[in-house]
Amino acid sequence: MSNAPARQRNWYERDARFIPAHHQPASLLDLALGRGIDSHRLLRGTGLFYQDILGGRQSVTAEQFLRLIDNVRQLQGGDDCSFLFGQQLLPGHYGNASHALRHAQNLQQALERLVLLRRRLSPLLTPRFRLDDRYAYIHWFDSCGVGGREIFLMEACMTAVTAMCRWLSGGPLPWQYQLRHPKPGYVEQYWVHLSEEVRFGCPQNLMRLPREFLVRPWSNVSVTVGQVAEQASLEELAAADEMAPSMLDILFEYLHEHIRQPLGLDRLAEAQGMSAATLKRKLKRHDTHFQQLLDQVRTYVALDLYVSKGFSSDEVAAYLNFNDKANFRRSFKRWTGLLPSDLPGSFA
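In terms of the numbering used here, the sequence shown is residues 384 to 731.
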């Protein structure tokens, strides 16, 4: 172990109170209330009362928000709840962060602001925006240990971006969708709220769009209002000491930056200034573990190299420091459910 002093960690975990209860939790609550479900049943186990939300000053943890999602899923009894929830999310009613989205000049600026202000706009899933020669991509990753709520949240977040773009651009955009989970029995909800260009059982959760749609100007926006709102939102987050990413975001970034080097739990823990046992315990609380995180980052990097940069299997294996080709193929199959030779048709 290094004798260097442990550095100060600057992240938030799932028990931090950072989600305004009158923002996204209130939208979900209202959706369920509109279906005749009693507020006491919806808020059971969250530690919240309806009056707390009406007060407009209560913040909740990711754990509380996830419990509310569990209650709604259990009580509302429909397959469309996540999609209807997503319709309400963006630009939303979150003050300056929403104004910054509403007055984006084009799709690229909107997506960049979504990523920049994700703590307000997407508190439970982290959007990652990237480009290649043909497409713009939004990858979605767990930021707070969402566990079994991932499908609900993916449906909501992809619907939110789709609906926002349709409104601000003045019409539907040709998004394509790839989701990790198997095809559900209510696939028609995806067709209605997203499009028929949706595929299931894929290695990653992502949306992609031909990049020529990124810079087409949007009408009825104020560039100045958008710029001022973005800056004001950043200042609000800084004043509340809420600029830090989540723990899972920080660990993803570290692994991504060092992906070509030997990596293990001990090294990752040391880099974050804690013991391996402490980090293992924190990861378990976020419903994950080191190998799962490492495989997630390796998948993200490998698919970018294959699909966007045109690397061969040997080149990807070498980039990720695999000396044995057979071992790389087995590992890739474990990460993605596919062999490298399956990729061209799968991602055409």
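Every residue, glycine too, gets a C-beta built ideally from N, C-alpha and C. Note that the coordinates shown come from a computational prediction; the quantities given were computed from them, not determined experimentally.
Through-space distance from residue j to residue i, alpha-carbon basis
i    : j    : result
V611 : A622 : 16 Å
V443 : E619 : 17 Å
G469 : L634 : 27 Å
L666 : L651 : 12 Å
K663 : Q488 : 43 Å
H669 : G419 : 33 Å
L472 : T607 : 23 Å
S658 : C540 : 35 Å
L497 : Q457 : 30 Å
R427 : R400 : 18 Å
R563 : M590 : 12 Å
H423 : D398 : 22 Å
N393 : Y637 : 13 Å
Exposed unless 16 or more other CB atoms sit within 10 angstroms - verdict on residue i
i    : result
E660 : For the sequence presented, residue 660 should be read as Ala rather than Glu. With fewer than 16 Cβ atoms within 10 Å of its Cβ, A660 is classed as exposed.
G460 : exposed
F673 : buried
F432 : exposed
Q492 : buried
W574 : exposed
Q407 : buried
T545 : buried
L437 : exposed
S696 : buried
Y569 : exposed
E579 : exposed
Neighbourhood of residue i by C-beta, 6 Å cutoff - its chain only, sequence neighbours within 5 removed
i    : result
E396 : M630
R485 : P474
CB contact check: residue i to chain C, cutoff 9 Å
i    : result
R456 : You won't find chain C in this structure, because it holds only one protein chain.
Under 9 Å between C-beta atoms of residue i and residue j
i    : j    : result
V699 : Y689 : yes
A499 : L617 : Here residue 499 turns out to be Leu, not Ala, going by the sequence shown. Against a cut-off of 9 Å, the Cβ pair of L617 and L499 comes out as a contact.
L686 : L597 : no
L536 : W558 : no
R503 : G531 : no
N454 : L416 : no
D584 : P565 : With the sequence shown as reference, residue 584 is identified as Gly, and Asp is not the correct amino acid for it. Result yes, Cβ atoms of G584 and P565 sit closer than 9 Å.
L722 : R712 : yes
H522 : N588 : yes
Residue i beta carbon near the ligand FMN (any heavy atom closer than 8 Å)
i    : result
S442 : No copy of the ligand FMN occurs in the structure displayed, which carries no ligand at all.
Close Cβ partners of residue i (< 7 Å) along its chain, the five nearest in sequence each way excluded
i    : result
A404 : L431, D435, I436, Q441, S442 and V443
Sequence-distant residues of the same chain with beta carbon closer than 8 Å to residue i, five excluded per side
i    : result
L411 : L451, I452, V455 and F468
The stretch 520-537 / the stretch 496-508 touching (three or more Cβ pairs under 8 Å): Contact between the stretch 520-537 and the stretch 496-508 is present, because at least three Cβ pairs lie under 8 Å.
If contact is defined by three or more beta carbon pairs under 8 Å, each pair taking one atom from either stretch, is the stretch 510-523 in contact with the stretch 436-453? Result no; under three Cβ-Cβ pairs closer than 8 Å.
Counting Cβ pairs closer than 8 Å, one from the stretch 714-723 and one from the stretch 532-551, do we hit at least three? With a cut-off of 8 Å, the stretch 532-551 and the stretch 714-723 do not count as touching, because too few Cβ pairs lie within range.
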